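For reference, the structure discussed in these notes is given below.
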Amino acid sequence: MTSGLDITGLCKSFGGIIVANNIDFTLRPGDRKALIGPNGAGKTTFANLITGFLAPSAGTLHLDGRNIINLKEAKRVKAGIAKTFQITTLFKRMSVRENIRLAILEREGKSFRWFAKDNGYSDIEEEIEQLLEQFSLQSSAADEVHELAYGRQRLVEMALTLALKPRILILDEPSAGVPASDSHIITDAIERLPEDLSVLIIEHDMNLVFKVARKIVVLVNGAILTEGTPGEIAGNQQVRDLYLGARHEH
Ligand SMILES: Nc1ncnc2c1ncn2[C@@H]1O[C@H](COP(=O)(O)OP(=O)(O)OP(=O)(O)O)[C@@H](O)[C@H]1O
Ligand SMILES: [Mg+2]
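Each residue of the sequence shown is one higher than the one before, starting from 1349 at the first, in the numbering used here.
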């Protein structure tokens, strides 16, 4: 059996505009792939087709050899596909620890009445501490999310997503909005992710991409232009033209 994600011939159009054009893509355990490309290339759309937020117009999607095309978004999360929570889905008036606890309870399917601190779920408390430690958030555990610098809020998002115990992790612009002086905390967090996790990183910050990615996929107008190692991509004239010829907002 093939482990990981196998995508073939994925297509999606909005109105008359093709935003995913016959995409073939694989993601294996331990992969660190980056998806890059100009604004509007279709990167977020591609991520949304993987998570099930959007339905493709054609193509196949398999997870560990199982056809998941008909699984709704929540079922795909249960199957192990997770994309970082958007910042707006954090409970900004709750503490970091409480946010992580909710994500774990969500995964476990526990009702919110277990939310009380003395719920007796010591396993959950231990897991919270491990996640806080993994993302260097111990010192912020009791702070409300809105009090944190933006870079640390992005770490909380990653911790919440990891709390779902995914096998496929999709990070859509993990460093967006994070000041350059803080972007290393995002890079460090990505480098410390579990080794066997499959990670797809969508990102405009090329410093981050070239630091963490082992393979880079370039998407242009909904189609894959090329895929290669960071060295191959850096030396690819078409990619260089693309990046010299276009200005990027992020
Ligand atoms: N729900 C939608 N309805 C109609 N058009 C959409 C929708 N979502 C995205 N698009 C269009 O599809 C194209 C691809 O958008 P997408 O957000 O996937 O690009 P992206 O590569 O993630 O860009 P960015 O780098 O700016 O995040 C764009 O032209 C966008 O305007
Ligand atoms: Mg996008």
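Glycine is no exception: its CB is placed at the ideal position from the N, C-alpha and C atoms.
No experiment lies behind these values; they were computed from the predicted model shown.
Item                                                                                                                                                                        : Value
With hydrogens ignored, establish whether the beta-carbon of THR1432 is closer than 7 Å to any heavy atom of ligand 2.                                                      : no
Within the same chain, show all residues whose beta-carbon is closer than 6 Å to that of ILE1533, passing over the 5 residues directly before and after it, in chain order. : GLY1499
How far does the beta strand (DSSP E) with GLU1543 in it extend, from its first residue to its last?                                                                        : Neither: GLU1543 is in no beta strand (DSSP E) and is coded neither H nor E.
Any heavy atom of ligand 2 closer than 7 Å to the CB of LYS1381?                                                                                                            : no
Name the residue from GLY1570, VAL1565, ILE1429 whose alpha carbon lies nearest to the alpha carbon of ASN1584.                                                             : VAL1565
Under 8 Å, do ILE1518 and THR1399 count as touching if we go by C-beta distance?                                                                                            : yes
Based on the DSSP secondary-structure assignment, which residues constitute the bridge partners of VAL1565?                                                                 : LEU1383, GLU1575
To the nearest whole angstrom, what separates the beta carbons of ILE1416 and ARG1424, a pair I think is in contact under 8 Å?                                              : 6 Å
Hey, SER1546 and ASP1379: beta-carbon distance below 8 Å or not?                                                                                                            : yes
What did DSSP end up calling THR1356 once you bin it into helix, strand or coil?                                                                                            : strand
Run the proximity test for LYS1360: is its beta-carbon closer than 7 Å to any non-hydrogen atom belonging to ligand 2?                                                      : no
When you compare only the Cα positions, how much space is there between GLU1492 and LEU1480?                                                                                : 14 Å
Shorter than 7 Å, the distance from the beta carbon of GLY1388 to the closest heavy atom of ligand 1, or not?                                                               : yes
Quick one: which unbroken alpha helix (DSSP H) runs of 4-plus residues sit fully inside the region 1465-1552? Chain order, please.                                          : 1470-1482, 1498-1510, 1531-1539
Between GLY1525 and ligand 1, is there a pair consisting of the residue's CB and a ligand heavy atom that are separated by less than 7 Å?                                   : no
Measure from the alpha carbon of LEU1353 to the alpha carbon of each residue in VAL1367, ILE1366, THR1374, PHE1362, then state which is nearest.                            : THR1374
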